[in-house]
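Q:
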Amino acid sequence: MKRIRFHGRGGQGMKTASRIVGTASFLEGYIAQDCPVYGAERRGAPIQAYTRVSKNPILERGVIVHPDITIIADETLLDDRTANVFQGVYGGTITMINTHYSSAHVRERFGISGKIVTLDMTDIVLTQIGKPVLSSVAAASASKLTGMVTRQSLKEAIVRELFSVDIPKEVVKKNVEAALICFDRTPDIHIDHSEPMKEDNTFVKLEYSGPYLGTPSTYARGNTVLKKTGNWRLFKPVIDHERCSRCRACFVHCPHSCISLDTAGYPRIDYENCKGCLICLEECPKKVILKKREVREW
Amino acid sequence: MVKEMLTGNFAAAWGARLSGVDYVPAFPITPQTEIIEVISKWVNSGVMDTKFTNMDSEHSMITAAGTAAATGARVFSATSSQGLLYGCEMLYAVAGWRVPFVLINVSRGLSAPITLEPDHNDVLSARDTGLIQLHVETCQEILDTILMAFRIAEDERVFLPVLINMDGFYLSFTREPVEIPGLDEVREFLPEYRPGHAFFLASKPMAQGVAVLGGSVYSYFRYQMHLASSNALRVHNEVAAEFKSIFGRAYSAVEPFKTEDAEYIILMTNSFTVKGKDAVNRFREKGIKVGLVRLRLVRPFPFQELREYLRGKKALAVIDQNISPGSGGILYNEVTSALYHEPNRPGAVLSFIGGLGGKDISLAEFSFILDEMQKSVETGIVPETQLLYTEQDMKNMNNFLNIAGKG
Numbered sequence: 002m003k004r005i006r007f008h009g010r011g012g013q014g015m016k017t018a019s020r021i022v023g024t025a026s027f028l029e030g031y032i033a034q035d036c037p038v039y040g041a042e043r044r045g046a047p048i049q050a051y052t053r054v055s056k057n058p059i060l061e062r063g064v065i066v067h068p069d070i071t072i073i074a075d076e077t078l079l080d081d082r083t084a085n086v087f088q089g090v091y092g093g094t095i096t097m098i099n100t101h102y103s104s105a106h107v108r109e110r111f112g113i114s115g116k117i118v119t120l121d122m123t124d125i126v127l128t129q130i131g132k133p134v135l136s137s138v139a140a141a142s143a144s145k146l147t148g149m150v151t152r153q154s155l156k157e158a159i160v161r162e163l164f165s166v167d168i169p170k171e172v173v174k175k176n177v178e179a180a181l182i183c184f185d186r187t188p189d190i191h192i193d194h195s196e197p198m199k200e201d202n203t204f205v206k207l208e209y210s211g212p213y214l215g216t217p218s219t220y221a222r223g224n225t226v227l228k229k230t231g232n233w234r235l236f237k238p239v240i241d242h243e244r245c246s247r248c249r250a251c252f253v254h255c256p257h258s259c260i261s262l263d264t265a266g267y268p269r270i271d272y273e274n275c276k277g278c279l280i281c282l283e284e285c286p287k288k289v290i291l292k293k294r295e296v297r298e299w
Numbered sequence: 061m062v063k064e065m066l067t068g069n070f071a072a073a074w075g076a077r078l079s080g081v082d083y084v085p086a087f088p089i090t091p092q093t094e095i096i097e098v099i100s101k102w103v104n105s106g107v108m109d110t111k112f113t114n115m116d117s118e119h120s121m122i123t124a125a126g127t128a129a130a131t132g133a134r135v136f137s138a139t140s141s142q143g144l145l146y147g148c149e150m151l152y153a154v155a156g157w158r159v160p161f162v163l164i165n166v167s168r169g170l171s172a173p174i175t176l177e178p179d180h181n182d183v184l185s186a187r188d189t190g191l192i193q194l195h196v197e198t199c200q201e202i203l204d205t206i207l208m209a210f211r212i213a214e215d216e217r218v219f220l221p222v223l224i225n226m227d228g229f230y231l232s233f234t235r236e237p238v239e240i241p242g243l244d245e246v247r248e249f250l251p252e253y254r255p256g257h258a259f260f261l262a263s264k265p266m267a268q269g270v271a272v273l274g275g276s277v278y279s280y281f282r283y284q285m286h287l288a289s290s291n292a293l294r295v296h297n298e299v300a301a302e303f304k305s306i307f308g309r310a311y312s313a314v315e316p317f318k319t320e321d322a323e324y325i326i327l328m329t330n331s332f333t334v335k336g337k338d339a340v341n342r343f344r345e346k347g348i349k350v351g352l353v354r355l356r357l358v359r360p361f362p363f364q365e366l367r368e369y370l371r372g373k374k375a376l377a378v379i380d381q382n383i384s385p386g387s388g389g390i391l392y393n394e395v396t397s398a399l400y401h402e403p404n405r406p407g408a409v410l411s412f413i414g415g416l417g418g419k420d421i422s423l424a425e426f427s428f429i430l431d432e433m434q435k436s437v438e439t440g441i442v443p444e445t446q447l448l449y450t451e452q453d454m455k456n457m458n459n460f461l462n463i464a465g466k467g
């Protein structure tokens, strides 16, 4: 059995990616299982999805603790402790990261075990599809790494899954093209069958701990200020203050209150928290806001 | 017949569609929403000839389901967790009206703290309402059980609503291959509903659920519900036999897995049972005689079947994916009471709480359970209810306590 775990952010298409691999494996004649896990649905929140592919009936369900293949579709999750992208990664795991950095750089920076593969999927989808949706390309890489899915089944699975969520025909076609590029650029490496990490088998007996510890209450000050949500932005809005008429349309429409006015009345963007939705660019009547592609350094 | 990758929710929608339901009153709640989304889409596009109403709450939804069923309509609905609890007052009422319909509960832990992932305190809170309860393991079983549930609910010997429980996420959003039977086969098994019972007609005034004062009338009707529920066991087995002859898939009130020569038995319900089966397979590879029993029918409780599978075993471990604060596992209490008068009952019956709020049950946890069973057999000492909680779980918990400012 191959166990694939997808990590991404809400809106990037990881649930669909897990389904495409599920359907492609099913079309190949394997027994497949796919499943997303998320909390309250929200764009940008870290989510996980899982696909299992097997020749025999699958006697497992739910979370994949020790993945054979991990797809990390958003490199900014690497630094997010709550996203826990390296959980249960063992010597046999292949980790595929969507980044422009080399695998050597990732290994050095995070010190993870297993094989690491990197590919700039975002670049491929921006060129081929024009939008940063990663479902088809992430599915393509995962499919290649299983060694169990052919190009043909991958293609058919993308068509089926994207049609089922009413994606227009021409967009589906672009997705297939981007996916096939990703499939071909993903190295044809195989999974070592080294032993998975041992499960914790020391059990504890919980003792009564009083209402302070025993109730789901939070005493710490909010830590949301520490979450730089601008961290995973793909495009940065840049205001040309020379041509800005100070009409305040961007200030009014910013859904995250990331635009404030300086003492002269010019809009200033809080880049630490701007998610790059580009509504300001849409709303600017004089079109003096530009978008600039951002590539992170880490 | 076609085979497709379906989520548990989609399989449930297919069950309703193939059953030819007349009416679906609905109210959305995660992780059930996809069921009613799919049905409303099908109704809108005309592939499902069904009246669909989006209600203002689960309380109204259950009321609408019961009253529509009282007119002789075939009714389907679905809810989850807090929604089931909000409709709970009406569950007692509709069961008391003795109206047949099918209700899905997509299990999700109850607040507080809030979660979206499953355990079974929601469905077991409806344990004593009078609804028949079937707990399923796979996406295929959801579809199949809906077809069977209408036969059980509409049987003159039962005439009660049936509640089917499936786990959130572990089934609701999990896709796996599911056979969708053809409509002809389904109609052979489940014909169109022709109620031979008194039902509401505009031209024929009648009253249902009337007030009764003086306990003897009340006692009579309440006990009738108990008898009707008890009958459902026999009806279930008949319906399951017929289902097998048409569709080839076998279901029983209690599902045994490698129990015949087993010395140790693990008892579970619902979707986590697949993990239990995997553990049993691994123990068997090491030559340890372990088996598993899954309770599919929770109401009526299958006393006889259970006793037969557990007779003469060295030890039994009940894993409750629920918790009755101050008591322990709900099913543990039911299982031990069922075994009390069985002379050849298991030497030790152990109680474990696991999988609460969707927490994984790992192979290490099953190994721990087996060790505890063997220890109890050797020493004759049966431990109190134990929570399956590892040092790693505690480490994670302490991390969260630190984040919450309690370090």
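Just so you know, the protein sequences line up as chains A and B, in that order. Each residue of the first sequence is one higher than the one before, starting from 2 at the first, in my numbering. Each residue of the second sequence is one higher than the one before, starting from 61 at the first, in my numbering. All C-beta atoms, glycine included, are put in the ideal place defined by N, C-alpha and C.
#1: Please name the residues in the region 175 to 207 of chain A whose beta-carbon is closer than 7 Å to at least one beta-carbon of chain B, in chain order.
#2: Given Y311(B), which residues of its chain have a CB within under 6 Å of its CB, disregarding the five upstream and five downstream residues?
#3: Using DSSP with H/G/I as helix, E/B as strand and the rest coil, what is N462(B)?
#4: DSSP has K63(B) in a bridge; who is on the other side?
#5: Looking at chain B, is there any beta carbon in it that lies within less than 9 Å of the beta carbon of P217(A)?
#6: Mind checking if T24(A) is an interface residue toward chain B, Cβ cutoff 9 Å exclusive?
#7: Below 8 Å on the Cβ atoms is my contact criterion, and I expect R20(A) with E162(A) to pass it. Report the Cβ-Cβ distance as a whole number of Å.
#8: What residue from S218(A), V239(A) and S258(A) has the CA that sits closest to T230(A)'s CA?
#9: Please list the segments of the alpha helix (DSSP H) lying wholly inside the region 236 to 279 of chain B, counting only runs of 4 or more residues, in order along the chain.
#10: Whose C-beta lies closer than 8 Å to the C-beta of G131(A) among residues of the same chain, with five residues either side of it excluded?
#11: Suppose the cutoff is 6 Å on Cβ atoms and the five residues either side in sequence are ignored; what does the same chain contact list for F426(B) look like?
#12: Could you confirm whether any beta carbon from chain A is found closer than 9 Å to the beta carbon of Q92(B)?
#13: Could you confirm whether any beta carbon from chain B is found closer than 9 Å to the beta carbon of G40(A)?
#14: Suppose you measure from the CA of V314(B) to the CA of H401(B); what does that come to, to the nearest Å?
#15: Under 9 Å between C-beta atoms, does I72(A) make it to chain B?
#16: Under a CB-based cut-off of 9 Å, is D241(A) close to chain B?
#17: I need the straight-line Cα distance from V222(B) to M122(A), nearest angstrom please.
#18: Could you name the residues of the same chain whose beta carbon sits closer than 8 Å to that of D453(B), not counting the 5 residues immediately before and after it, in chain order?
#19: Please return the same chain residues whose Cβ sits closer than 8 Å to the Cβ of L155(A), not counting the five positions on each side in sequence.
#20: Three or more C-beta pairs closer than 8 Å, one from the region 278 to 289 of chain B and one from the region 227 to 241 of chain B: is that the case here?
#21: Is there contact here, the region 234 to 252 of chain A with the region 202 to 222 of chain A, by at least three beta-carbon pairs under 8 Å?
#22: Below 8 Å, can you find three or more Cβ-Cβ pairs linking the region 436 to 445 of chain B to the region 397 to 415 of chain B?
#23: For E197(B), is the classification buried or exposed, using 16 other Cβ atoms within 10 angstroms of its Cβ as the cut-off for buried?
#24: Quick one: residues in its chain with C-beta nearer than 7 Å to the C-beta of G147(B), no 5 flanking neighbours on either side, listed in chain order?
#25: Under 9 Å, Cβ to Cβ, is there at least one residue of chain A near Q446(B)?
#26: Could you check whether the Cβ of D80(A) sits closer than 9 Å to any Cβ belonging to chain B?
#27: Do you know offhand how far L78(B)'s Cα is from M65(B)'s?
#28: My parser needs the alpha helix (DSSP H) runs of 4 or more residues fully inside the region 174 to 248 of chain B; what are they?
#29: Taking 9 Å as the threshold (beta carbon to beta carbon), is F7(A) in contact with chain B?
#30: How many angstroms separate the CA atom of G89(A) from the CA atom of V66(A)?
#31: Output yes or no for whether 9 Å exceeds the beta carbon distance between M226(B) and S100(B).
#32: Starting from Q129(A), find everything on chain B with Cβ-Cβ shorter than 8 Å and list it in chain order.
#33: Using 8 Å as the cut-off, can you tell me whether the region 357 to 376 of chain B makes contact with the region 201 to 211 of chain B, which would need three or more C-beta pairs spanning the two stretches below that distance?
#34: How close, in whole Å, do the beta carbons of G143(B) and I89(B) come, if the pair is a contact with beta carbons under 8 Å?
#35: Quick check on DSSP: helix, strand or coil for C36(A)?
#36: So, helix, strand or coil for Y83(B), using DSSP?
A: By the coordinates alone:
#1: Within the region 175 to 207 of chain A, the qualifying residues are E200, D201, N202, T203, F204, V205 and L207.
#2: Within the same chain, Y311(B) has close Cβ partners A300.
#3: In this structure, N462(B) counts as helix in the three-state DSSP scheme.
#4: BP columns for K63(B) point to E239(B).
#5: Closer than 9 Å to some Cβ of chain B, the Cβ of P217(A) qualifies, so yes.
#6: Yes, T24(A) lies at the interface with chain B (some Cβ there is under 9 Å from its Cβ).
#7: About 5 Å separates the beta carbons of R20(A) and E162(A), which is inside the 8 Å limit, making them a contact pair.
#8: When only C-alpha atoms are compared, the closest one is S258(A).
#9: Restricting attention to alpha helix (DSSP H) runs no shorter than 4 residues, the region 236 to 279 of chain B encloses them at 243 to 249, ordered along the chain.
#10: Residues K175 of the same chain have their beta carbon placed closer than 8 Å to that of G131(A), with the five preceding and five following residues left out of the count.
#11: By the criterion of a C-beta distance shorter than 6 Å, F426(B) is surrounded in its chain by A339, once the five residues flanking it on both sides are discounted.
#12: Answer no: the Cβ-Cβ gap between Q92(B) and chain A never drops below 9 Å.
#13: By this cut-off, G40(A) is an interface position.
#14: Cα atoms of V314(B) and H401(B): separation of roughly 19 Å, rounded to the nearest angstrom.
#15: Taking Cβ atoms only, chain B never reaches closer than 9 Å to I72(A), which makes this a no.
#16: Not closer than 9 Å to any Cβ of chain B, the Cβ of D241(A) fails to qualify, so no.
#17: Cα-Cα distance, rounded: 49 Å.
#18: Closer than 8 Å at the Cβ level, and outside the excluded window around D453(B), lie K419.
#19: Contacts found: I21, A25, A140, A141, S144, A180, L181 and F184.
#20: These segments do not touch.
#21: The region 234 to 252 of chain A, when compared against the region 202 to 222 of chain A, does not touch it at the 8 Å Cβ threshold.
#22: Cβ pair count under 8 Å is three or more, so yes.
#23: Answer is buried; the Cβ neighbour count reaches 16.
#24: Result list for G147(B): E118, H119, M121, I122 and T139, in chain order.
#25: Taking a beta-carbon distance threshold of 9 Å, Q446(B) counts as an interface residue toward chain A.
#26: Residue contact with chain B for D80(A): absent (no Cβ-Cβ distance below 9 Å to any residue of chain B).
#27: Approximately 17 Å between the Cα atoms of the pair.
#28: Within the region 174 to 248 of chain B, the complete alpha helix (DSSP H) runs of at least 4 residues fall at 181 to 184 and 199 to 214.
#29: False, the Cβ-Cβ gap to chain B never drops below 9 Å.
#30: A straight line joining the alpha-carbon of G89(A) with that of V66(A) spans about 5 Å.
#31: Inclusion of M226(B) and S100(B) in the CB contact set at 9 Å is not warranted, their separation being larger than that value.
#32: Simply none; closest approach about 26 Å.
#33: The region 357 to 376 of chain B, when compared against the region 201 to 211 of chain B, does not touch it at the 8 Å Cβ threshold.
#34: Between the beta-carbon of G143(B) and that of I89(B) there is about 4 Å, and that keeps the pair under the 8 Å contact cut.
#35: Reduced to three states, the DSSP call for C36(A) is strand.
#36: Secondary structure at Y83(B): strand, using DSSP grouped into helix, strand and coil.
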